[in-house]
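Have a look at the structure below before the remarks.
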Amino acid sequence: MAWVKIMGSLMLISAMGVWGLSGAHGIGRRSEELKELRFALAFLEKEISYMHTPLTLALERTAAVCHNPIAGFFQESARKLKAREGLTAGEAWKQGIEWLKAQSHLKAVDLDVLSTAAQQLGMSDSSDQRKFLLMIQEEIKVQEEKARQEQGANQKLWSYGGFIMGIVIVLLLI
Amino acid sequence: MAKGEVGNVFNHEIMPLLAPAVRRVFSRLESHHLLKVEEIRMRSGQPLIIRDWDGEYGLDANTGFTADINRSYRVSREDIIRTIAAISDNSLYAFEEDIKRGFITIAGGHRVGLAGQVVMQEANVKAIKEFSSICLRIAREIKGCAAQVMGSIYAPGDKVKNTLLVSPPRCGKTTLLRDIARSLSSGSGQRKACNVVIVDERSELAGCYLGQPQMEVGPRTDVLDACSKAAGIIMSIRALSPEVIITDELGRREDAVAIRECINAGVSIISSVHAGSMDELVSRPIMSELVEARIFKNIILLSRSKGPGSIEKMIRWD
């Protein structure tokens with residue numbers, strides 16, 4: 001029966017290990033998503049301030065140059081605007097944020113920064129648009145730094161923690 | 175234009191741009207009521223006013239048209255903001271240049287005049303913000319309305335005569351000019367077609383949206399959109415080899431100079447001017463110079479006596 005115990009122990013340790021690794025990955029995801037979001041906002045800013053692309057199209061183009069879930073956020077906002085149901089850009093943006101909340105690893109504080117754009121998006125001249133989009137990029141960058149600092153400590157804890165927990169449980173059971 | 179078609183223009187091009195609350199008020203009307211609408215005026219906190227061929231009306235949320243505008247739907251600030259958001263596709267930055275001129279031309283060639291807090295930079299308008307009112311003018315294309323005047327526009331040998339349309343506002347000058355451009359540009363059985371340039375300072379003749387004419391202006395027509403008349407006339411003579419230049423609402427000194435230049439270059443001009451009668455016309459120094467110099471061989475006076483575009487009188491010097 002010894003081999004059953006060994007197999008069981010190994011399975012338990014590896015399952016806990018995988019759980020820990022995926023947790024560590026999730027922590028890493030937040031800072032990656034913030035970085036992606038910042039690049040996407042920079043792209044949107046250029047579409048608006050230099051190209052004067054209409055907002056719906058600018059959002060779609062931004063979606064096309066980034067990955068999910070950030071791409072999905074821009075796609076969702078564009079889709080809401082395209083429906084022409086009398087929504088303003090701010091409202092469509094906020095609905096996009098709701099979508100992002102469910103789909104991403106971003107924290108409430110990150111989404112709050114993003115939602116400050118809702119008030120002004122689209123509704124002023126291009127130099128104004130550029131100013132506030134630059135400001136939001138700066139703020140996202142601050143969040144990104146913070147996320148990275150947290151990540152350093154926590155990521156290690158999670159990636160080793162899973163295996164260690166697995167071993168502890170096995171030892172307790174034996 | 176068929177009745178249904180005009181109703182469709184309203185339903186497809188105007189309705190989606192109105193704030194949802196205002197749209198609901200309009201949606202109670204049947205499309206034949208929308209047929210004659212020329213202007214929709216929305217002012218923050220004030221009654222919604224509609225102008226058509228016959229006069230102005232309010233629009234009651236329950237009973238539809240009302241002559242008493244105090245019973246009309248009251249437009250809120252939010253209605254104004256939502257309408258402007260829809261009109262600009264939530265992209266006011268894309269319409270900076272239009273807003274500096276005070277209006278946005280939208281798909282379909284309709285014109286949206288804006289008022290609000292104006293931001294000045296030295297002597298020029300930099301932007302308008304905090305919008306308080308919207309004046310939506312619905313552009314009409316009446317194909318074939320120029321047929322009645324085309325005979326007087328061609329001189330023997332199919333040379334096009336310099337022609338001036340004269341009338342007070344809202345008598346159909348722009349609609350007629352547009353159809354003249356289309357007719358000249360398309361030609362017909364006996365008549366030779368011409369290269370036409372439209373210098374469209376106020377984006378009303380061709381109704382350009384993002385540079386593309388929204389109205390049918392003919393296969394041999396080039397449009398200089400949002401270009402001042404004087405600059406556009408000179409530029410097009412150099413670059414586009416027109417046989418006829420069509421432009422709207424003369425009035426400035428430099429317009430007259432450019433027109434002389436144009437005629438000296440052998441290019442015909444067809445234009446319009448605001449004036450109620452010949453007397454009013456010649457009381458304006460710049461116009462009287464042009465008239466006395468017999469620059470225009472053909473002057474057509476329009477009125478609304480039998481609806482917009484009624485021809486009151488034609489004066490010919492040939």
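Each protein sequence line maps, in turn, to chains A and B. Position 123 of the first sequence, counting from 1, maps to 123 under my numbering, and the rest follow consecutively. Count along the second sequence starting at 1, add 174, and that's the number in my numbering. Ideal Cβ placement from N, Cα and C applies to all residues, glycine included. Treat the numbers as computed from the prediction; the structure is a model and nothing was measured.
Do you know offhand how far residue i's Cα is from residue j's?
i        : j        : result
A:Phe43  : B:Ser326 : 56 angstroms
B:Asp396 : B:Gly440 : 18 angstroms
B:Lys480 : B:Ile273 : 35 angstroms
B:Thr348 : B:Leu379 : 6 angstroms
B:Pro330 : B:Leu475 : 22 angstroms
A:Glu33  : A:Glu150 : 15 angstroms
A:Ala83  : A:Glu76  : 11 angstroms
B:Arg427 : B:Ile460 : 6 angstroms
A:Ala78  : B:Gln388 : 25 angstroms
B:Ala405 : B:Thr237 : 50 angstroms
B:Arg251 : B:Asn264 : 16 angstroms
B:Val292 : B:Phe277 : 13 angstroms
A:Thr88  : B:Ile372 : 35 angstroms
B:Gly287 : A:Trp99  : 37 angstroms
A:Gly166 : A:Ser22  : 15 angstroms
B:Met324 : B:Ala355 : 10 angstroms
B:Thr257 : B:Ile437 : 44 angstroms
A:Glu144 : B:Asn182 : 51 angstroms
B:Glu187 : B:Ser262 : 13 angstroms
A:Gly122 : B:Arg197 : 22 angstroms
B:Ile489 : B:Glu463 : 17 angstroms
B:Ser402 : B:Asp374 : 8 angstroms
A:Glu221 : B:Asn185 : What is shown of chain A runs 1 to 174, which leaves residue 221 of chain A out entirely.
A:Tyr160 : A:Leu10  : 16 angstroms
A:Lys35  : A:Lys141 : 7 angstroms
B:Glu204 : B:Lys210 : 12 angstroms
B:Gly178 : B:Ile312 : Bear in mind that a pLDDT of 42 at B:Gly178, under 50, signals an unreliable position, so the number given afterwards is only what the model happens to contain. Distance between the alpha carbons of B:Gly178 and B:Ile312 is about 16 angstroms.
A:Leu106 : A:Ala64  : 20 angstroms
B:Gln452 : B:His206 : One detail in the question is off: residue 452 of chain B reads as Met in this sequence, not Gln. Straight-line Cα distance between these residues: approximately 37 angstroms.
A:Ile136 : A:Arg148 : 18 angstroms
B:Val370 : B:Val391 : 9 angstroms
A:Leu57  : B:Pro393 : 30 angstroms
B:Leu351 : A:His52  : 32 angstroms
Would you give the residue range spanned by the alpha helix (DSSP H) that residue i belongs to?
i        : result
A:Lys56  : Sequence check: residue 56 of chain A is Thr here, not Lys. Looking at the DSSP string, the run of the alpha helix (DSSP H) that includes A:Thr56 is 55-65.
A:Ile70  : 70-82
A:Gly20  : 2-49
A:Lys146 : 126-173
B:Ile408 : 403-413
A:Met114 : Just to set this straight, residue 114 of chain A is Leu in the shown sequence, not Met. Counting along the chain, the alpha helix (DSSP H) containing A:Leu114 begins and ends at 108-115.
Going by DSSP, what residue range makes up the beta strand (DSSP E) through residue i?
i        : result
B:Met488 : 484-490
B:Leu398 : 395-399
B:Pro278 : The amino acid occupying residue 278 of chain B in the given sequence is Ile; Pro does not appear at that position. That run of the beta strand (DSSP E) goes 277-279.
B:Leu288 : 285-295
A:Glu91  : Counting along the chain, A:Glu91 falls outside any beta strand (DSSP E), though it belongs to the alpha helix (DSSP H) covering 89-103.
B:Lys300 : 298-311
B:Ile420 : 418-421
Could you name the residues of chain B that residue i contacts, counting a contact when the two beta carbons are closer than 9 angstroms?
i        : result
A:Gly161 : Neighbours of A:Gly161 on chain B: none; closest Cβ ~47 angstroms, over 9 angstroms.
Which chain A residues sit within Cβ distance under 9 angstroms of residue i?
i        : result
B:Asn264 : Pro54, Leu55, Thr56, Leu81, Leu87, Thr88, Ala89, Gly90, Ala92, Leu121, Gly122, Met123
B:Ala193 : Gly86
Chain B partners of residue i, CB-CB under 7 angstroms?
i        : result
A:Ile48  : Tyr267
A:Ser126 : Tyr267, Glu270
Anything in chain B within Cβ reach of residue i, meaning under 8 angstroms, just list it in chain order.
i       : result
A:Arg84 : Pro190, Ala260
What does residue i touch in chain E if you count any residue whose Cβ is under 7 angstroms from its own?
i        : result
B:Arg256 : Among the protein chains of the structure shown, namely A and B, there is no chain E.
**Item:** Residue ranges of each alpha helix (DSSP H) within the region 324-375 of chain B, 4 or longer
**Value:** 347-360
For this session: Give, in chain order, every residue of the region 267-284 of chain B whose Cβ lies closer than 7 angstroms to some Cβ of chain A.
Result: Tyr267, Ala268, Glu270
### Query
Looking at chain B, which residues of the region 130-164 of chain A have a Cβ within less than 7 angstroms of any of its Cβ atoms?
none
Check your understanding: When Cβ atoms are compared, which residues of the region 295-322 of chain B fall closer than 9 angstroms to chain A?
Key -> Lys300, Ala301, Lys303
Kindly provide the ranges of any alpha helix (DSSP H) runs that are 4 or more residues long and lie completely inside the region 188-260 of chain B, ordered along the chain. 194-201, 205-208
Q. Quick one, which residues of the region 393-426 of chain B are near chain A if we go by CB-CB under 7 angstroms, in chain order?
A. Of all residues in the region 393-426 of chain B, none comes within less than 7 angstroms of chain A when Cβ atoms are compared.
Complete runs of the alpha helix (DSSP H) confined to the region 439-479 of chain B [at least 4 residues]: DSSP runs (the alpha helix (DSSP H)) wholly in the region 439-479 of chain B: 452-456, 459-466.
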